[in-house]
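Before any comments, here is the structure.
Residue numbers (full-length UniProt numbering), protein chains in the order written: chain V, 1 to 683; chain D, 1 to 683.
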């Protein structure tokens with residue numbers, strides 16, 4: 001020690017400064033702007049400010065730290081240790097006082113702006129910066145000589161202890177405040193919404209004394225088929241429960257267009273669907289709160305992502321205009337509301353945030369994908385495809401980002417495929433065809449065994465082999481093409497042309513027998529040429545959307561492809577590329593982002609700055625309307641070929657052999673692929 | 001005319017400038033910042049911008065105005081004239097174009113910030129500046145090449161045409177916007193709330209095309225006994241209907257303390273009372289909207305004033321703490337809410353504003369009185385007394401303003417008086433006693449005749465003479481004192497002492513017979529010495545509150561006295577002063593403000609700047625808590641005397657003779673006046 005005040009060095013930030021002997025570590029941290037959490041404001045109650053002192057020589061920092069560098073373990077720490085236990089080596093930052101030079105580590109969980117772990121390093125970081133935080137304060141008692149409301153004295157305490165602006169109080173707070181202050185002996189814990197463009201900063205809830213629990217938020221992905229919610233702890237960022245329900249709107253129509261039609265055909269139909277989705281939402285909230293064993297009233301914030309039709313119906317807007325050109329949205333900007341305005345049963349003061357929509361067919365879900373995948377931050381040119389019944393496509397890098405949607409239709413979900421089905425136990429999800437024997441083998445959901453493995457029949461005895469799901473049909477078609485059973489134009493060859501008894505004449509075209517389960521009381525699973533046509537149209541729509549964006553960007557290749565959506569998570573990149581669904585690209589550069597829309601919702605929930613970011617990004621995204629782009633039609637026709645009539649797919653051809661077969665014997669043998677303009681949009 | 005552009009001079013503002021030939025008058029007005037109204041933005045639709053050109057020589061302005069100074073009457077004006085008629089000499093400012101030098105008068109009704117006429121010149125001006133205004137705009141149609149929401153294009157139009165900031169939309173607007181835009185052929189009229197400290201500026205409603213109606217606001221005075229509402233046109237400021245209902249909380253207790261007790265004694269009692277008052281409020285809204293023949297959904301704003309207990313119960317706050325020292329308010333600041341948060345059935349987006357409370361016993365009603373009477377703007381030292389069962393007292397001038405409340409009790413409303421009653425037909429409201437004969441005469445509510453006028457009995461045959469109302473009892477007691485029937489200590493003399501047969505022994509003290517209606521089947525109306533005691537206590541409480549403020553101000557006289565409250569409107573200043581209710585003051589300086597609290601509510605409704613003003617004023621008001629001021633007790637004892645034991649009342653004595661009588665024959669003959677500390681507060 002020397003004459004100067006002791007030196008305090010914080011890691012990992014590296015911030016350092018000299019403080020008088022006896023300065024609490026929390027005070028030093030605050031003065032240096034070190035990110036050290038605290039709810040109780042240094043009163044030794046909340047234990048959020050835990051730190052770990054390091055002792056010994058630190059040549060890097062040029063200090064030696066004595067064992068006595070911090071004050072002795074005190075009664076407050078002992079009480080906390082007895083009650084809850086403290087990780088060995090940890091101290092409470094508000095209790096431990098600086099005695100001599102010291103190096104102090106702030107563990108991740110003690111950082112207010114802690115980083116939430118994401119599995120995928122290439123995507124956006126999640127740094128905690130939630131809308132709502134907890135603050136503990138001691139409040140002055142009322143004084144007849146200087147009359148002021150209890151609220152005004154609370155606001156004053158929050159201002160002086162926490163540097164918060166002059167807060168307003170929710171009406172529910174007015175009701176609970178006086179009993180809480182008296183029960184807490186003039187101390188309370190407040191949940192404070194820090195404000196946004198719509199709402200001024202506001203006290204949402206008060207608890208008497210120190211509130212030892214947490215507060216929660218919901219990240220909700222409102223899909224046409226399912227509604228999925230992640231319940232997140234707004235202090236730690238942790239997902240404490242996840243749950244899903246079917247969208248009850250399904251009874252009004254399976255796909256989006258049929259729901260738009262329902263609202264057109266039925267007076268009050270839109271309102272009926274609005275009520276249905278909100279009721280479903282409330283049921284889901286009960287479910288997810290029950291799963292986490294928390295009170296639903298502790299949910300103070302919620303972020304929603306959805307496609308434009310769902311967005312409008314959820315908000316109570318008739319989606320009529322979205323069903324016809326020019327596909328005008330009622331509003332495209334992000335929306336902040338109170339949950340009660342949407343009849344949502346959360347905390348009475350809870351807030352709701354809906355991400356902005358990008359365009360009439362590119363919704364808040366696509367914005368959430370953009371938020372999760374951050375193309376605008378990518379040096380590589382990134383193509384993000386959210387594969388669903390309507391594909392949303394983003395292409396961009398730090399220079400610019402383009403977006404469009406393309407009407408893929410429901411074929412990728414197994415619909416309109418003769419043996420197609422939703423992904424469920426018993427559905428074929430992986431397929432291989434031996435190029436020599438042309439015989440297939442496959443796996444079904446619910447079993448790890450291949451269909452030619454011993455014990456397969458026993459393994460699938462419960463589920464049966466019931467059909468082919470979306471990822472299965474993609475592998476199936478690609479494997480048929482690789483095995484020379486299918487030509488580039490999408491014709492299945494005859495038994496004679498292919499030399500395979502699995503091919504058989506089925507009306508005017510040929511089909512391929514994948515599995516005959518009739519002996520076991522199950523279905524015969526075949527792929528018809530009509531099925532191939534459906535997949536051709538779906539993948540052509542997807543590819544031509546991506547290709548159109550590449551045109552607009554002025555490139556003919558992309559650096560990286562991200563497949564988003566639950567379906568995207570199951571697609572085999574190789575098979576998708578054989579099909580020509582996605583542009584030619586090194587296979588290791590094709591990755592799945594899983595439910596990127598849901599992740600985007602979670603990011604916006606946990607970090608309000610991310611909301612401003614995505615609002616700006618969406619403003620800057622250049623929207624392309626495929627319906628009015630002449631080249632889309634041309635790309636579509638080319639992309640109907642497998643993999644493509646004109647694109648070379650050079651990288652793909654280094655990996656696989658694409659047999660040069662042609663089963664056309666003159667004269668079209670089926671109706672051919674529809675043009676994209678004849679297809680209506682679906683969700 | 002000379003080479004320069006024509007000179008345009010506006011009156012009454014005197015603003016002037018030169019504009020090119022052909023400039024519309026509205027454009028010239030806008031460029032000069034002349035206050036000329038317009039809803040349609042100069043499209044010749046709304047007719048709000050009517051102006052009157054003047055012709056001939058104007059030496060004062062140094063111009064000569066030709067008959068041709070404005071362009072000819074045009075087709076738009078002709079269409080308006082045919083449809084609705086235009087006052088002769090008027091032109092539409094957006095159609096009439098400047099041709100040569102011209103003097104243009106902007107009539108009051110064409111001014112956006114028009115002044116609303118108030119009868120009393122000494123009180124605050126009301127200048128229109130409402131929270132919510134109408135704006136007509138033409139909106140760009142959607143374009144697939146540049147997708148944006150209909151709302152965003154509307155917001156853009158409001159920004160570019162009206163210089164409005166980027167507005168948000170209420171959720172109801174999202175629902176109605178798309179059909180309205182299409183029905184109005186891409187024109188709509190918007191009701192826009194211009195924002196406040198709580199809410200960002202926001203579109204509240206849209207109508208297709210030009211909306212030709214008005215929008216409305218409510219100024220509500222929520223009293224313990226009655227709820228009164230004024231429905232105001234938010235464009236003209238006019239009161240279009242006024243109505244009142246009994247406060248349904250009366251079933252839980254007549255006065256405030258009994259309601260506070262009800263909430264203490266009954267679990268859920270406060271919630272019950274909250275529901276009751278809100279239901280009563282909604283019934284009143286139906287009534288007032290029906291009276292004005294308008295749709296209740298056109299009511300977009302509402303301002304409420306009330307005492308602290310009503311304030312808390314209306315907001316859903318248990319008034320428990322207001323029933324006991326230190327009388328802590330849950331909140332004292334002004335409150336902005338959505339009407340739906342208080343379960344009020346107005347427009348779904350309607351806003352609510354509650355004025356701030358001054359202290360635990362000096363509520364938003366007293367703040368409203370301060371807003372109406374503006375003591376902080378008065379050069380004279382002004383005493384404002386809101387006479388009710390709890391008197392709120394303000395004393396101040398431009399230097400400072402003090403406030404207190406004083407528990408007068410219900411005697412001034414005729415309660416706790418043996419023959420007392422509410423002001424209603426049949427109640428005695430004016431009294432005179434002949435100083436020579438000591439015989440009384442009186443008037444009752446519902447008749448102009450005095451009781452000794454011929455035909456009086458016939459005139460009151462329907463109502464009867466049923467009792468004495470508050471203003472009647474004040475005149476009665478003052479007249480008894482002037483006639484020498486009552487001494488300064490408040491004792492009624494015996495028939496022998498007074499020489500009046502109207503005095504008679506009534507138990508241990510004397511009473512005075514005012515009217516014997518028994519022959520007509522009515523009651524005998526007397527004033528007992530107990531009645532005198534009640535009035536003494538009430539007036540002593542009022543006076544001692546005022547006197548305490550004078551002490552604090554460091555004065556022993558005031559320049560002016562304003563009596564507020566419905567009751568205050570009926571009090572005779574002379575009699576009030578004989579009683580010693582109010583400080584000595586020239587009688588012509590004692591005026592009634594009528595329902596100043598209601599007027600204050602109306603001011604806050606029509607001018608949002610006034611809300612900021614009263615918030616500031618209330619912050620600056622110095623609050624005095626009478627209960628803890630030792631001198632209050634001393635003033636109270638002195639003020640129990642009629643008019644006062646120590647104050648000279650010199651001005652009063654120049655107007656009236658106060659007989660020096662003393663009827664005390666040794667030994668107190670009744671219980672004497674209670675001290676103020678024994679009284680509980682009432683409302």
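Glycine included, every Cβ here is placed at the ideal spot set by N, Cα and C.
These figures come from a predicted structure and were not determined experimentally.
8 angstroms contact criterion, which residue i and residue j should meet: CB distance rounded
i, j, result
"residue 417 of chain D", "residue 473 of chain D", "6 angstroms"
"residue 15 of chain D", "residue 34 of chain D", "5 angstroms"
"residue 306 of chain V", "residue 332 of chain V", "Wrong, their Cβ atoms sit about 13 angstroms apart, outside the cutoff."
"residue 561 of chain D", "residue 383 of chain D", "5 angstroms"
"residue 442 of chain V", "residue 428 of chain V", "5 angstroms"
"residue 234 of chain V", "residue 288 of chain V", "Their Cβ separation, rounded to whole angstroms, is 15 angstroms, which puts residue 234 of chain V and residue 288 of chain V out of contact at 8 angstroms."
Rounded C-alpha distance that separates residue i from residue j
i, j, result
"residue 201 of chain V", "residue 133 of chain V", "11 angstroms"
"residue 210 of chain V", "residue 607 of chain D", "43 angstroms"
"residue 51 of chain V", "residue 372 of chain V", "32 angstroms"
"residue 321 of chain D", "residue 327 of chain D", "6 angstroms"
"residue 666 of chain D", "residue 226 of chain D", "45 angstroms"
"residue 164 of chain D", "residue 96 of chain D", "26 angstroms"
"residue 18 of chain V", "residue 64 of chain V", "15 angstroms"
"residue 661 of chain D", "residue 480 of chain D", "12 angstroms"
"residue 664 of chain V", "residue 438 of chain V", "20 angstroms"
"residue 540 of chain V", "residue 335 of chain D", "58 angstroms"
"residue 641 of chain D", "residue 198 of chain V", "59 angstroms"
"residue 359 of chain V", "residue 391 of chain V", "13 angstroms"
"residue 465 of chain D", "residue 90 of chain D", "56 angstroms"
Contact with chain D by residue i, beta-carbon distance below 8 angstroms
i, result
"residue 151 of chain V", "yes"
"residue 183 of chain V", "no"
"residue 677 of chain V", "Low confidence applies to residue 677 of chain V: its pLDDT is 41, below 50, so where it sits in the model is not reliable, and the reading given next is rough at best. By this cut-off, residue 677 of chain V is not an interface position."
"residue 145 of chain V", "yes"
"residue 608 of chain V", "no"
"residue 169 of chain V", "yes"
Unbroken beta strand (DSSP E) run spanning residue i, endpoints
i, result
"residue 524 of chain V", "524 to 527"
"residue 426 of chain D", "No beta strand (DSSP E) holds residue 426 of chain D; DSSP gives it neither H nor E."
"residue 204 of chain D", "202 to 208"
Test: residue i CB closer than 8 angstroms to a CB of chain V
i, result
"residue 132 of chain D", "no"
"residue 360 of chain D", "yes"
"residue 461 of chain D", "no"
"residue 548 of chain D", "no"
"residue 400 of chain D", "no"
"residue 331 of chain D", "yes"
"residue 300 of chain D", "no"
"residue 249 of chain D", "no"
Range covered by the alpha helix (DSSP H) that runs through residue i
i, result
"residue 174 of chain V", "171 to 183"
"residue 285 of chain D", "269 to 292"
"residue 377 of chain D", "Neither: residue 377 of chain D is in no alpha helix (DSSP H) and is coded neither H nor E."
"residue 480 of chain V", "470 to 482"
Give, in chain order, every unbroken run of the beta strand (DSSP E) that is at least 3 residues long and sits entirely within the stretch 315 to 345 of chain D.
-> For the stretch 315 to 345 of chain D, whole beta strand (DSSP E) runs of length 3 or above, ordered along the chain, are 335 to 338.
Which ranges would you report for the beta strand (DSSP E) in the UniProt domain "2Fe-2S ferredoxin-type" (6 to 110) of chain V if only whole runs of at least 3 residues count?
-> List check, beta strand (DSSP E) in window: 7 to 11, 16 to 18, 50 to 54, 56 to 58, 63 to 65 and 102 to 105.
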